[in-house]
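Have a look at the structure below, then the notes.
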Ligand code: SAM
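Numbering (our numbering), first residue to last: 743 to 972.
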């Protein structure tokens, strides 16, 4: 999968050289390219923002550098129609199902907004080049799209076959079947007067599976009842 990220702070993404995604990049499973939006400006100050029409606080990202960036990246990749994601607090909420859906794509472009956001016409223009998705990390406001983009890249990236060594570990995770994951324990079996539940030491696989299922349901009921009513 190819992922192009456009940002005015490309060094945010340096951390994606680490761990499983770093390995996926090295092996070529994930072709992640991070670009500086200012490379598509044409003035001496490499300006990417301007005052909002109609007045109001803050600055808005200018359309032209975005159009130049999107034109170049869509032309260059050769993928039929890329998926173009704009992180936005006003978008659909990013969920595990969104990650699963996006993990199937050949080419994703992520455009990270800053300031008060991006000139609205950029989204319309982008829709002529690919499938546009405005995606929110949650119901709060960040300073920019970079942290949201990193979260999405990690959640999508770990679903690409070959990124996580044991694919079974993906199946048992929170949100994979609409429930939260069961509690996990490791050695020692007794620690600071707290014991690991007996069933996990029993070797009885059916009993363990049933206990884990009950724990998943109980946790989801108490911590995230909204998941059960979805
Ligand atoms: N004025 C915008 C609004 O009220 O919807 C918020 C702009 S925010 C300060 C700047 C940028 O941060 C946005 O363009 C978006 O890229 C990113 N951002 C902020 N909150 C986000 C969230 N919850 N999910 C995804 N991206 C977010």
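No residue lacks a Cβ here, since even glycine has one placed at the ideal position from N, Cα and C. Since the structure is predicted, the reported quantities are computational estimates derived from the model, not experimental observations.
query	result
Residue 807 classed as buried or exposed, judged by whether at least 16 other C-beta atoms fall within 10 angstroms	buried
C-beta contact flag for residue 880 and residue 836 at 9 Å	yes
Within 9 Å, strictly: CB atoms of residue 927 and residue 953	no
Near ligand 1: residue 984 beta-carbon under 8 Å from a heavy atom	Any question about residue 984 goes unanswered here, given that the chain covers just 743 to 972.
Meets three-Cβ-pair contact criterion under 8 Å: the region 784-793 and the region 755-772	no
Sequence-distant residues of the same chain with beta carbon closer than 8 Å to residue 949, five excluded per side	941
Runs of beta strand (DSSP E) lying entirely within the region 899-943, each at least 3 residues, in chain order	none
Enclosing alpha helix (DSSP H) for residue 968 [first to last residue]	967-971
Pair within 9 Å by beta-carbon distance, residue 902 and residue 747	no
Anticipated Cβ contact below 8 Å, residue 804 with residue 813, distance rounded	Between residue 813 and residue 804 the Cβ distance is about 15 Å, and since that is not below 8 Å, they are no contact.
Check: residue 820 C-beta below 8 Å from any heavy atom of ligand 1	no
Closest residue to residue 920 among 871, 797, 962 and 758 (Cα-Cα distance)	962
Residue burial classification, residue 883 (beta-carbon count within 10 angstroms, cutoff 16)	exposed
Same chain, Cβ closer than 8 Å to residue 841, five either side skipped, listed in chain order	894, 897, 898 and 901
Proximal residues to residue 757 (C-beta, below 8 Å), its chain only, five neighbours per side dropped	892
Residue 829: first and last residue of the uninterrupted beta strand (DSSP E) it sits in	825-835
Reduced DSSP secondary structure (H/G/I, E/B, other) of residue 744	strand
Element boundaries [alpha helix (DSSP H), containing residue 873]	Run containing residue 873: none in the alpha helix (DSSP H); it sits in the beta strand (DSSP E), 873-878.
Simplified DSSP state of residue 853, which is helix, strand or coil	strand
Residue 826 vs residue 790 beta-carbon contact at 9 Å	no
Coil, strand or helix - residue 749 by DSSP	strand
Cutoff 6 Å; reference residue 838; Cβ partners in own chain excluding five residues on either side	917
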